[in-house]
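Report on one structure; see the data block that follows.
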Amino acid sequence: MRGEIAVYESERVWRDVDDYFVETLVGEDEALVGARESGRGSSMPQAEVAPNQGRLLALLCGMVGARRVLEFGTLAGYSTVWLARAVGAEGRVTSLELEARNADIARGNLEKAGVAEWVDVVVGPAAESAWRLVEEGVEPYDFVFIDADKPSNPEYLKASLALTRVGSVIVIDNVVRNGAVVDDGSSDERVRGVRAVLDDIARDGRLEATALQTVGAKGWDGFAIVRRVR
Ligand code: DHB
Ligand code: MG
Numbered sequence: 000m001r002g003e004i005a006v007y008e009s010e011r012v013w014r015d016v017d018d019y020f021v022e023t024l025v026g027e028d029e030a031l032v033g034a035r036e037s038g039r040g041s042s043m044p045q046a047e048v049a050p051n052q053g054r055l056l057a058l059l060c061g062m063v064g065a066r067r068v069l070e071f072g073t074l075a076g077y078s079t080v081w082l083a084r085a086v087g088a089e090g091r092v093t094s095l096e097l098e099a100r101n102a103d104i105a106r107g108n109l110e111k112a113g114v115a116e117w118v119d120v121v122v123g124p125a126a127e128s129a130w131r132l133v134e135e136g137v138e139p140y141d142f143v144f145i146d147a148d149k150p151s152n153p154e155y156l157k158a159s160l161a162l163t164r165v166g167s168v169i170v171i172d173n174v175v176r177n178g179a180v181v182d183d184g185s186s187d188e189r190v191r192g193v194r195a196v197l198d199d200i201a202r203d204g205r206l207e208a209t210a211l212q213t214v215g216a217k218g219w220d221g222f223a224i225v226r227r228v229r
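Take the sequence shown: its letter number 96 is residue 95 in numbering that gives the first Met the number 0, and every next letter is one higher.
As C-alpha cells, then:
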C-alpha cells in the first residue's frame with residue numbers, strides 16, 4: 000500500500016538523519032557502543048535511548064547543573080553512562096532496575112565506561128526502591144529520568160516528587176508510542192500509564208511541563224519534560 004511505503008520510507012530517512020547527527024555532533028566511544036550492544040542481552044532489547052537522545056539527557060543535566068541524578072529503569076545502563084558522565088565524579092547517579100541480570104550487565108558497562116564509582120544500580124521494583132530512598136531521607140535529586148515500565152509512571156512521578164526540590168527537572172521517556180497516546184480509550188496499560196502521568200503532571204501546581212514528539216532511530220516516540228517550580 001502506498002501509505003505503508005511512505006511510512007517505511009520516512010522511517011528509513013529518520014534513521015539516516017539520526018545517523019548523520021550522531022556522526023556529526025554526538026559520537027559514541029567504545030563504552031557506549033558496548034553498552035548499547037549489550038542491551039540485546041537484557042530483558043528489553045533495543046529499548047535504550049538513541050545516542051543523540053543520550054546526549055540530550057546529558058545536556059539537560061549540564062544546563063541545570065545536576066549533581067544528583069535518579070533514573071527509573073537501568074536496563075543495560077546505556078542512558079546511565081550518559082547521565083553519569085554528565086554529572087562527573089563529584090556527582091551521584093542512582094539507577095533503579097527490576098531485573099538482577101540487567102543490573103549485572105549495566106554494572107559491567109558502567110565499569111568499562113569508568114563511571115561505576117559514582118553510580119548505584121539498585122535492584123528491585125523501582126517504586127519500592129524509590130520509596131526506600133524517601134524513607135532514608137536522601138538529599139534531593141536535581142534530575143530524574145523515568146524510563147521503566149510504563150504502567151507505573153504515575154507512581155514513579157509521585158516518588159520523584161518526594162525526592163526532588165524546586166528547580167529539579169524530570170524527563171519521561173516514551174510518551175508518544177507511535178501516536179497511541181491520544182487514544183483515551185486504550186486498553187494498553189502502557190498507554191494508560193503515560194496518559195495518567197501526563198494528567199497528574201497537568202493537575203499538579205508545582206510542575207511546569209511540555210511534551211515533544213521525536214522521530215529517528217527509535218521510530219516515532221517522545222519525551223515529557225517537567226520542571227518543578229514550587
Ligand atoms: C519500550 C520501553 C522503552 O523505555 C523504550 O524506550 C522503548 C520501548 C517498551 O516498553 O516497549
Ligand atoms: Mg524508554
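The beta carbon of each residue, even a glycine, is placed where N, CA and C say it ideally should be.
*Can you grab the Cα-Cα spacing for the pair L197 / A85, in whole Å?*
Cα to Cα, the separation comes out at about 27 Å.
_Environment of R35 [buried if 16+ CB atoms lie within 10 Å]_ = So R35 counts as buried.
_Endpoints, the beta strand (DSSP E) within which Q45 is located_ = Looking at the DSSP string, Q45 is not in any beta strand (DSSP E), and its letter there is neither H nor E.
*Could you pull the start and end residues of the beta strand (DSSP E) that R227 belongs to?*
Element bounds for R227: 218-227.
*Straight-line CA distance for A83 to D119?*
Here the alpha carbon of A83 sits roughly 10 Å from the alpha carbon of D119.
_Proximity winner among V168, T73, I200, relative to L59 (alpha-carbon distances)_ = Minimum Cα distance to L59 is reached at V168.
*Tell me, please, whether the region 14-26 touches the region 37-57 by the rule of three or more beta-carbon pairs shorter than 8 Å.*
Taking 8 Å as the limit for Cβ pairs, the verdict is that the region 37-57 does touch the region 14-26.
_Supposed close pair D146, V175 - CB separation, criterion 8 Å_ = That pair is no contact at about 14 Å.
*So R164 and R227 are in contact, right, with Cβ under 8 Å, and what is the actual spacing, rounded?*
The pair is a contact, with the Cβ atoms about 7 Å apart (cut-off 8 Å).
*Measure from the alpha carbon of L74 to the alpha carbon of each residue in D182, P44, G33, L55, then state which is nearest.*
The residue with the shortest Cα to Cα distance from L74 is P44.
_Neighbourhood of P150 by C-beta distance below 8 Å, restricted to the same chain and skipping five residues each side_ = Closer than 8 Å at the Cβ level, and outside the excluded window around P150, lie E188, R189, R191, G192.
_Own chain residues within Cβ distance below 6 Å of A125, not counting five before or after_ = Contacts found: F71, L95, A147.
*Look up G107 in the DSSP assignment and say whether it is helix, strand or coil.*
In the three-state reduction of the DSSP assignment, G107 falls in the helix class, which pools H, G and I.
*asked:* Determine whether the beta carbon atoms of S41 and N101 lie at a separation below 7 Å.
replied: Their beta carbons are under 7 Å apart, which means S41 touches N101 by this criterion.
*What is the rounded straight-line gap between the Cα of R54 and the Cα of L97?*
The straight-line gap from Cα to Cα measures roughly 25 Å.
*A223 and A201: beta carbons closer than 7 Å?*
No, they are not a contact pair.
*Please go through the same chain and pick out, in chain order, the residues whose beta-carbon is closer than 8 Å to the beta-carbon of M0, but skip the five residues on each side of it.*
In this prediction, M0 scores a pLDDT of 48, lower than 50, which makes its location untrustworthy; the coordinate-derived value is nonetheless stated afterwards. Around M0: no qualifying Cβ.
_Chain-ordered residues, beta carbon under 6 Å from a heavy atom of ligand 2_ = Sorted by chain position, residues whose beta-carbon lies closer than 6 Å to a non-hydrogen atom of ligand 2 are A46, D146, D172, N173.
*Name the one or two DSSP bridge partners that Q212 has.*
For Q212, which the question treats as bridged, DSSP gives the partners G221.
_Extent of the continuous beta strand (DSSP E) run through D231_ = The first residue shown for the chain is 0 and the last is 229, placing residue 231 beyond what the model contains.
_Boundaries (first-last residue) of the alpha helix (DSSP H) holding R185_ = For the record, residue 185 in the displayed sequence is Ser; it is not Arg. S185 -> no alpha helix (DSSP H), and no H or E assigned at all.
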